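For reference, each letter of the sequence shown is one residue, going 28 to 500 in the numbering used here.
This report refers to the structure that appears directly beneath it.
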Amino acid sequence: MFIFTGAFGWLWSLLASCAGYAACTVCTRASVQLTRTSARLTYCVLFTLSMISAWVLRDYSKPIMKHLPWIIDGHEHAAKEWFGVQAVYRISFGTWLFFAILSAALVGVRSRTDRRDQLLHHGNWALKAVAWALFNVLPFFLPNGLLGAYSWLARVGSGVFLLVQLVILLDFTCAWNTSWATKGDQKYLYGLLGVTVACYAGCLAIAGVLFAWFNPSGVDGGCGLNIALITVCLFLCAFVSAVSLHPAVRDGSLFPSAVVSLFIMYMCYSALASEPRDYACNGLGKEMSAAKGSTVAGGVLLTLLAVVYSALRAGSNTAAFFPGLDDDDVVAAEPSATELPAGARPLLDSPPEERALTSAGLDGEDDPEEGVRAAPARGGRRASTGSGGVKEDSGGVAYNYAFFHAIFALASMYIAMLMTGWGSADEESGLVDVGWASVWVKGATVLATAGLYTWSLVAPSLFPDRDFGLAQT
Numbered sequence: 028m029f030i031f032t033g034a035f036g037w038l039w040s041l042l043a044s045c046a047g048y049a050a051c052t053v054c055t056r057a058s059v060q061l062t063r064t065s066a067r068l069t070y071c072v073l074f075t076l077s078m079i080s081a082w083v084l085r086d087y088s089k090p091i092m093k094h095l096p097w098i099i100d101g102h103e104h105a106a107k108e109w110f111g112v113q114a115v116y117r118i119s120f121g122t123w124l125f126f127a128i129l130s131a132a133l134v135g136v137r138s139r140t141d142r143r144d145q146l147l148h149h150g151n152w153a154l155k156a157v158a159w160a161l162f163n164v165l166p167f168f169l170p171n172g173l174l175g176a177y178s179w180l181a182r183v184g185s186g187v188f189l190l191v192q193l194v195i196l197l198d199f200t201c202a203w204n205t206s207w208a209t210k211g212d213q214k215y216l217y218g219l220l221g222v223t224v225a226c227y228a229g230c231l232a233i234a235g236v237l238f239a240w241f242n243p244s245g246v247d248g249g250c251g252l253n254i255a256l257i258t259v260c261l262f263l264c265a266f267v268s269a270v271s272l273h274p275a276v277r278d279g280s281l282f283p284s285a286v287v288s289l290f291i292m293y294m295c296y297s298a299l300a301s302e303p304r305d306y307a308c309n310g311l312g313k314e315m316s317a318a319k320g321s322t323v324a325g326g327v328l329l330t331l332l333a334v335v336y337s338a339l340r341a342g343s344n345t346a347a348f349f350p351g352l353d354d355d356d357v358v359a360a361e362p363s364a365t366e367l368p369a370g371a372r373p374l375l376d377s378p379p380e381e382r383a384l385t386s387a388g389l390d391g392e393d394d395p396e397e398g399v400r401a402a403p404a405r406g407g408r409r410a411s412t413g414s415g416g417v418k419e420d421s422g423g424v425a426y427n428y429a430f431f432h433a434i435f436a437l438a439s440m441y442i443a444m445l446m447t448g449w450g451s452a453d454e455e456s457g458l459v460d461v462g463w464a465s466v467w468v469k470g471a472t473v474l475a476t477a478g479l480y481t482w483s484l485v486a487p488s489l490f491p492d493r494d495f496g497l498a499q500t
């Protein structure tokens, strides 16, 4: 009996070991395949981990950093907020450097046959993970002066990132409008009308809520700043709508104007919500001050996810930022003739006035390794595999790798500005994007949005011989 029990235990141990080994093997292969087939997703994960680390260290880094003499030199009695800002800058600097180096190394990659495609962008994930970790740790050994210089560079980079988001917004609205307006079906036109009315109704509703929340009664001296900001935003909504209907505008439409107007009012709300919590005219601040930690944490995570999505979307949308690229510069995924509806033509074969830009490459532009086939590079040929797929080295890249990583580098700077109140060391603990600097930056973003959209409307009329790539129908 003892021998039987011992043999059974040995067999059970052997089976458990085999099962564990098999599970580890499957997980390892699955993780390798995941990183190979979802390169952009993996970069997003690395970026998100860096930003969450920065958020945590912003509030809890002092016990660690006060023991680093090259950091506390001259700041032995600094407040907790100062240490938090230093930690955020260091994580942001390391993440920026990681993506900036990748961006510089991948400049000029146009074909899947380029060795840099597999060695740098899609391969060597273990080495890149180690490099990412080192880039997040090494900045803590740098002097404060270097990080001070980076903080000013980050302000500039953050402004560029905001402009990138504006271009994406304009590109998205024009593409949506053109797509539905050219369907040839009345239901899509009714859909455009319904969304347009809903957007303008939303603008009025937001304005009413803002007047109620950010113009409370009983405040000494009134809340003239808040009232002025809300009024200016409403005027800009009316202005861009009127310009889009002007007879001199060649491709004006109320639908993009409605979407842009809704975005303007949202940015107005975001600016007012970023006012300091102790500001008497910030009625929302009193509610947020009493919010639970989980509510604040949820808001911070949503902010981080929004930045990640914006970076991913912008980084994949090469056409919106480089409309003049030749086909052999970046080869976008393109449906075959058999996949197109009857009577339709491929997008790249359409005349300029019908080439509405796609929304960030999320409508099908992707890597062959990421589940979508890409068109072959100019002068190349498409090689098919036995399963009907496309070989990895048979075509051009689906998006500009260098631009993709550059956008994430800019996003790293933008997150640093959000977490530090655009460089203010007295940012409230536990909150992100709160402070007067954030208010003014978002106010400037509103003006830039209205200005860029107005320019996209009037530029084709002012320069009729140029193709601006935005068709609004």
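All C-beta atoms, glycine included, are put in the ideal place defined by N, C-alpha and C.
Remember, predicted model here, so these are calculated numbers, not experimental data.
Item: Check whether the Cβ atoms of Arg182 and Trp463 lie closer than 8 angstroms to each other.; Value: no
Item: In the DSSP output, what is Gly423 paired with across the bridge?; Value: Ser138
Item: From the beta carbon of Leu161, is the nearest beta carbon of chain D less than 8 angstroms away?; Value: This model lacks chain D altogether, as it is built from one protein chain only.
Item: Rounded to whole angstroms, how far is the Cβ of Ala132 from the Cβ of Arg143, which I believe are closer than 8 angstroms?; Value: 7 angstroms
Item: Reducing DSSP to helix, strand and coil, say where Ala88 ends up.; Value: Residue identity check: residue 88 is Ser in the sequence provided, not Ala. If DSSP states are grouped into helix, strand and coil, Ser88 belongs with coil.
Item: Pull up the CB-CB distance for Ala513 and Ile434, whole angstroms please, since I reckon it's below 8 angstroms.; Value: A query on residue 513 cannot be resolved here, the shown segment of the chain reaching from 28 to 500 and no further.
Item: Would you decide whether Phe262 is buried or exposed? Buried here means 16 or more other CB atoms lie within 10 Å of its CB.; Value: exposed
Item: Leaving out five residues on either side along the sequence, give the residues of the same chain with a beta carbon under 8 angstroms from the beta carbon of Val485.; Value: Val270, Ala275, Val276
Item: So what does DSSP say about Tyr306, is it helix, strand or coil?; Value: coil
Item: Just reading off the alpha helix (DSSP H) that Lys155 is part of, what are its end residues?; Value: 152-164
Item: Who are the Cβ neighbours of Val468 in its own chain at under 7 angstroms, not counting the five residues just before and after it?; Value: Trp449
Item: So what's Pro491 in DSSP terms, helix, strand or just coil?; Value: coil
Item: Please name the residue in Pro283, Ala265, Trp482 whose C-alpha comes closest to that of Leu231.; Value: Ala265
Item: Which residue spans inside the segment 158-217 form an unbroken alpha helix (DSSP H) run of at least 4?; Value: 171-208
Item: Along the alpha helix (DSSP H) that carries Gln113, what are the first and last residues, could you check?; Value: 107-132
Item: Here's the rule: buried if 16 or more other CB atoms are within 10 angstroms of the residue's CB, otherwise exposed. What is Gln213?; Value: exposed
Item: Do Cys295 and Val473 come within 8 angstroms of each other at the CB atom, strictly closer than that value?; Value: yes
Item: On the three-state DSSP scale, how would you describe Ala275?; Value: coil
Item: Going by C-alpha distance, which of Thr258, Asn253, Cys201 is nearest Leu311?; Value: Asn253
Item: Taking contact to mean at least 3 C-beta pairs separated by less than 8 angstroms, is the segment 283-290 in contact with the segment 220-231?; Value: yes
Item: Using only the alpha-carbon positions, how far apart do Ser439 and Gly211 sit?; Value: 43 angstroms
Item: Please determine, among Asp100, Phe490, Met92, Phe430, the residue with the shortest C-alpha to C-alpha distance to Val112.; Value: Met92
Item: Report, in whole angstroms, the separation of the C-beta atoms of Tyr116 and Leu174, which I expect to be a contact under 8 angstroms.; Value: 5 angstroms
Item: Buried or exposed: where does Leu219 fall if 16 or more other Cβ atoms within 10 Å of its Cβ makes it buried?; Value: buried
Item: Please work out which residues of its chain come closer than 7 angstroms, Cβ to Cβ, to Arg85, disregarding the five sequence neighbours upstream and downstream, and give them in chain order.; Value: Gly111, Ala114, Val115, Met446
Item: With 16 other CB atoms within 10 Å as the buried threshold, where does Phe490 fall?; Value: exposed
Item: Between Trp152 and Met444, what straight-line distance do the alpha-carbon atoms span, to the nearest angstrom?; Value: 29 angstroms
Item: Straight-line CA distance for Phe74 to Phe199?; Value: 24 angstroms
Item: Assuming Leu508 is part of the alpha helix (DSSP H), what are its boundary residues?; Value: It is not possible to answer for residue 508, since the shown part of the chain is limited to 28 through 500.
Item: Can you check which of these residues, Arg67, Val72, Ala66, is closest to Leu332 by C-alpha distance?; Value: Val72
Item: May I have the straight-line CA-CA distance separating Asp492 from Trp203, to the nearest angstrom?; Value: 25 angstroms
Item: Give the single residue among Lys89, Ala307, Ser119 whose Cα lies nearest to the Cα of Gly245.; Value: Ala307
Item: Taking the beta carbon of Asp247 as the centre, do at least 16 other beta carbons fall within 10 Å, making it buried, or is it exposed?; Value: exposed
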